[in-house]
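Enquirer:
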Amino acid sequence: MAAIELPHHAGTTRQDIVAFTHQVIETARGVPDQQVWAFYDEVNTCEYLGLLTDILVRRKLYTDPLPENLIVMGACNPYERRAPPVRRAGLAVESKRQGRVVQTFDERSQLRYRVHPLPEAMLTYVWDFGALAEADEANYIERMLMQHVQLRDPGQLAALAHGLSRLHTFLRQDGRSEEFVVSLRDVRRFLVFYKFFQDYIARRDSLDPPSSHADSRWNPFSQNFGASNRLHALHGQREAHSVVLSIQLAYIVRMPVTEERRMARETLLRCVQGSLLPSNFGIKSWRQVVNAEERNLYGRMDTSAYPNLAMNRALLQNVFSLTVCVLTRTPIILIGAPGNSKTVATTIVNCSL
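What follows is the structure in structure tokens.
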């Protein structure tokens with residue numbers, strides 16, 4: 008049995024769908040004694056639902072029937088509206104009408120997922136599996152970490168898995184799920200960032216040894232690792248740095264409210280303090296680590312086009328987030344009011360890379 012997947016999104020064209028379907032048809036005809044499964048993922052995110060209805064429901068591509076050994080399946084996102092508080096995130100467009108400031112919204116921006124309504128013919132075949140149970144998600148998170156994160160102590164990995172699970176629960180409660188859709192995709196994004204920071208910090212330290220940055224202002228971890236067995240301490244330090252920076256980029260920077268960022272950090276820290284992170288590692292230490300890395304990366308950038316530019320908080324965060332996402336090929340959208348250094352940060356990253 009062979010399985011082939013086509014992920015859909017707003018940019019998926021009719022030609023993409025037809026080309027993929029032709030591919031799976033040829034594959035099925037080449038192995039008539041085997042089943043070939045074709046999976047059309049997130050079908051309602053693109054515009055061509057009529058074509059997809061023909062393929063998934065009527066089992067034909069235009070007028071040509073699909074081979075009998077070709078099994079077609081599809082998945083769709085729910086058509087649900089967001090609650091009004093989500094509009095505070097800076098996604099509204101303000102305009103003046105009759106002397107009043109009016110906020111206007113794209114119609115589909117009011118949906119939790121940007122999707123199109125499913126055709127009636129397709130609704131008959133939709134099966135709602137519901138949301139992943141919290142315990143099942145926790146098990147998936149732990150297994151994903153076991154495959155990709157190497158820690159010296161198994162207890163550290165268990166603490167990190169528990170911390171991520173609790174962080175997801177925090178983001179879903181008290182109406183926050185209207186603003187932050189969290190899933191296992193975020194865990195996968197965290198793992199991508201974790202691997203990047205592990206490699207990045209190791210290569211940087213080989214060129215610029217951290218002994219020259221031993222003071223606690225640059226390195227809040229240094230006070231917790233003795234001078235003995237320095238190589239082992241540096242290895243543990245790199246893991247802790249990578250976890251903090253990956254959590255910051257995968258979860259924290261997505262939150263527009265400072266107080267919610269603090270609460271999210273505290274939720275995670277309660278699970279990992281004393282194991283993966285030192286017991287006295289708190290919010291202040293977290294900010295020191297992130298700020299030091301942001302300034303370190305910014306100092307390596309080509310800012311010659313802006314000789315008198317002040318390193319404000321928004322600029323540092325934008326440059327750091329953009330650089331890491333570009334290098335890991337992770338999609339990112341900068342949102343903010345005019346003057347928040349979005350264009351400047353993009354120009355600096357573009358000139359430097």
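The sequence shown begins at 8 in this note's numbering and counts up one residue at a time. We put the CB at the ideal spot given by N, CA and C, even for glycine. Just so you know, these numbers come straight off a predicted model, no measurement behind them.
#1: Determine the direct distance from the alpha carbon of cysteine 358 to that of aspartate 40, and round the result to whole angstroms.
#2: Beta-carbon separation of methionine 129 and leucine 56 under 9 Å?
#3: How would you write the range of the beta strand (DSSP E) that phenylalanine 46 sits in, first residue to last?
#4: Can you give the beta carbon distance from phenylalanine 200 to serine 253, rounded, assuming they're within the 8 Å contact cut?
#5: Do you know how far the Cα of glycine 289 is from the Cα of glutamate 33?
#6: Excluding sequence positions up to five away, which residues of its chain have a Cβ less than 7 Å from the Cβ of glutamine 22?
#7: For methionine 80, write down the residues that DSSP places opposite it in a beta bridge.
#8: Quick one: residues in its chain with C-beta nearer than 6 Å to the C-beta of phenylalanine 327, no 5 flanking neighbours on either side, listed in chain order?
#9: Near valine 189, what residues of its chain come up, given a Cβ to Cβ distance below 7 Å and the 5 sequence neighbours on each side ignored?
#10: Helix, strand or coil for isoleucine 340, going by three-state DSSP, please let me know.
#11: How long is the line joining the alpha carbons of asparagine 76 and serine 172, rounded to whole angstroms?
#12: Any contact of the segment 309 to 323 with the segment 344 to 359, i.e. 3+ C-beta pairs under 8 Å?
#13: Would you report the Cα separation of histidine 169 and leucine 316, rounded to the nearest angstrom?
#14: Taking 9 Å as the threshold (C-beta atoms), are valine 31 and valine 43 in contact?
#15: Assuming cysteine 53 and alanine 82 make a contact with CB atoms under 8 Å, what is their CB distance in whole Å?
#16: Would you give the residue range spanned by the alpha helix (DSSP H) that alanine 10 belongs to?
#17: So, with DSSP's three-state summary, where would you put leucine 68?
#18: Please give me, in chain order, every unbroken run of the alpha helix (DSSP H) with length at least 4 that falls completely inside the segment 118 to 205.
#19: Within 10 angstroms of the Cβ of alanine 344, are there 16 or more other Cβ atoms? Answer buried if so, exposed if not.
#20: Between Asp48, Thr60, Leu68 and Ala35, which has its C-alpha nearest isoleucine 78's C-alpha?
#21: Output needed for leucine 256: all residues of its chain with C-beta closer than 7 Å, excluding positions within five of it in sequence on either side, in chain order.
#22: Locate the alpha helix (DSSP H) running through phenylalanine 327, then write down its first and last residues.
#23: May I ask which residues mark the beginning and end of the alpha helix (DSSP H) holding glutamine 30?
#24: So what does DSSP say about leucine 284, is it helix, strand or coil?
#25: Does DSSP put tyrosine 207 in a helix, a strand or coil?
#26: Below 7 Å CB to CB, which residues in the same chain sit around phenylalanine 27 once its five sequence neighbours on both sides are set aside?
#27: For glycine 233 and asparagine 146, what's the separation of their Cα atoms in angstroms?
#28: Looking at C-alpha atoms only, which residue of Arg307, Thr265 and Ser282 is the closest neighbour of glutamate 294?
#29: Cβ atoms of aspartate 160 and serine 282: under 9 Å apart, would you say?
#30: Report back the beta-carbon spacing between threonine 2 and proline 126 to the nearest angstrom; my notes put them in contact at under 8 Å.
#31: Assuming the contact rule is C-beta atoms closer than 8 Å, isoleucine 208 and histidine 248 should be a hit. Round their C-beta distance to whole Å, please.
#32: Between which residues of its own chain and valine 122 is the CB-CB distance below 6 Å, once the five residues before and five after are set aside?
#33: Have a look at Gly37, Leu191, Ile24 and Lys202 and flag the residue whose alpha-carbon is nearest the alpha-carbon of phenylalanine 46.
#34: Can you tell me which of the three DSSP states aspartate 309 falls into?
Expert: Working from what's here:
#1: Taking the first residue of the sequence shown as position 1, residue 40 is located at position 33. Taking the first residue of the sequence shown as position 1, residue 358 is located at position 351. Rounded to the nearest angstrom, the two C-alpha atoms are 55 Å apart.
#2: In the sequence shown, the residue the question calls residue 129 occupies position 122. In the sequence shown, the residue the question calls residue 56 occupies position 49. Yes, these two residues count as a Cβ contact at 9 Å.
#3: In the sequence shown, the residue the question calls residue 46 occupies position 39. First-last of the beta strand (DSSP E) with phenylalanine 46: 43 to 48.
#4: Along the sequence shown, one-based indexing puts residue 200 at 193. Along the sequence shown, one-based indexing puts residue 253 at 246. With 8 Å as the limit, phenylalanine 200 and serine 253 qualify as a contact, their Cβ atoms being about 4 Å apart.
#5: To locate residue 33, count along the sequence shown from 1; it is residue 26. To locate residue 289, count along the sequence shown from 1; it is residue 282. Taking the straight line joining both Cα atoms gives about 58 Å.
#6: As a working mapping, residue 22 is identified with position 15 in the sequence shown. Answer for glutamine 22: no residue qualifies.
#7: For the purposes of this step, residue 80 is identified with residue 73 of the sequence shown, where counting begins at 1. Listed as beta-bridge partners of methionine 80 by DSSP are Phe46.
#8: By 1-based counting over the sequence shown, the position of residue 327 is 320. Glu301 and Leu304.
#9: Taking the sequence shown and counting its residues from 1, one reaches residue 189 at position 182. Spatial neighbours of valine 189 in its own chain (CB-CB distance under 7 Å, excluding positions within 5 residues in sequence) are listed in chain order as His175, Leu178 and Arg179.
#10: As a first step, residue 340 is located in the sequence shown; it is residue number 333 there, counting from the start. DSSP, reduced to helix, strand and coil, places isoleucine 340 outside both helices and strands of the structure shown, so it counts as coil.
#11: Counted from its first residue, the sequence shown places residue 76 at position 69. Counted from its first residue, the sequence shown places residue 172 at position 165. Inter-residue distance for asparagine 76 and serine 172 is about 40 Å (C-alpha atoms, whole angstroms).
#12: With the cut-off at 8 Å, the segment 309 to 323 and the segment 344 to 359 touch.
#13: Stepping through the sequence shown from its first residue, residue 169 is reached at position 162. Stepping through the sequence shown from its first residue, residue 316 is reached at position 309. Their Cα atoms are separated by approximately 41 Å.
#14: In the sequence shown, counting from the first residue as 1, residue 43 sits at position 36. In the sequence shown, counting from the first residue as 1, residue 31 sits at position 24. Yes, they are a contact pair.
#15: Translated into positions along the sequence shown, residue 53 becomes position 46. Translated into positions along the sequence shown, residue 82 becomes position 75. Separation of the CB atoms of cysteine 53 and alanine 82 is rounded to 13 Å, and the pair is thereby denied contact status at 8 Å.
#16: Taking the sequence shown and counting its residues from 1, the one referred to as residue 10 is at position 3. If you look at alanine 10, you'll find it isn't in any alpha helix (DSSP H); it sits in the beta strand (DSSP E) that goes 9 to 14.
#17: Numbered from 1 along the sequence shown, position 61 holds the residue referred to as residue 68. Residue state, collapsed to three classes: strand.
#18: List check, alpha helix (DSSP H) in window: 127 to 130, 141 to 155 and 161 to 179.
#19: Mapped onto the sequence shown, residue 344 falls at position 337. Exposed is the call here.
#20: The sequence position of residue 78 within the sequence shown is 71, counting from 1. Check the Cα spacing between isoleucine 78 and each of Asp48, Thr60, Leu68 and Ala35: the tightest is with Ala35.
#21: Taking the first residue of the sequence shown as 1, we reach residue 256 at position 249. The answer, listed in chain order, is Phe200, Ser328 and Val331.
#22: Locating residue 327 in the sequence shown gives position 320, where the first residue counts as 1. Where phenylalanine 327 is concerned, the enclosing alpha helix (DSSP H) stretches over 320 to 334.
#23: Locating residue 30 in the sequence shown gives position 23, counting from the first residue. 21 to 37 is the span of the alpha helix (DSSP H), which, as asked, contains glutamine 30.
#24: Here the question's residue 284 lines up with position 277 in the sequence shown. Shown here, leucine 284 sits in a strand according to DSSP, grouped into three states.
#25: Mapped onto the sequence shown, residue 207 falls at position 200. DSSP, read as helix, strand or coil, puts tyrosine 207 in helix.
#26: Reading the sequence shown from its first residue, position 20 is the one you call residue 27. The beta carbon of phenylalanine 27 is closer than 7 Å to those of Leu13 in its chain, skipping five residues each way along the sequence.
#27: Here the question's residue 233 lines up with position 226 in the sequence shown. Here the question's residue 146 lines up with position 139 in the sequence shown. Low per-residue confidence applies at glycine 233: pLDDT is 35, beneath 50, and the placement is therefore not dependable enough to give any value.
#28: Translated into positions along the sequence shown, residue 294 becomes position 287. The question names glutamate, yet the displayed sequence has arginine at residue 294. Of the residues Arg307, Thr265 and Ser282, the one whose Cα lies closest to the Cα of arginine 294 is Thr265.
#29: On the sequence shown, position 275 is the one that residue 282 refers to. On the sequence shown, position 153 is the one that residue 160 refers to. When the beta-carbon positions are compared, serine 282 and aspartate 160 come within less than 9 Å of each other.
#30: No answer is possible for residue 2: it lies beyond the span of the chain, which begins at 8 and ends at 360.
#31: Taking the first residue of the sequence shown as position 1, residue 208 is located at position 201. Taking the first residue of the sequence shown as position 1, residue 248 is located at position 241. Rounded, the Cβ-Cβ distance is 6 Å, consistent with contact.
#32: Stepping through the sequence shown from its first residue, residue 122 is reached at position 115. The answer, listed in chain order, is Asn51, Thr52, Asn84 and Tyr86.
#33: Numbered from 1 along the sequence shown, position 39 holds the residue referred to as residue 46. Distance check between phenylalanine 46 and each of Gly37, Leu191, Ile24 and Lys202 places Ile24 closest, using alpha-carbon atoms only.
#34: As a first step, residue 309 is located in the sequence shown; it is residue number 302 there, counting from the start. Coil, per DSSP.
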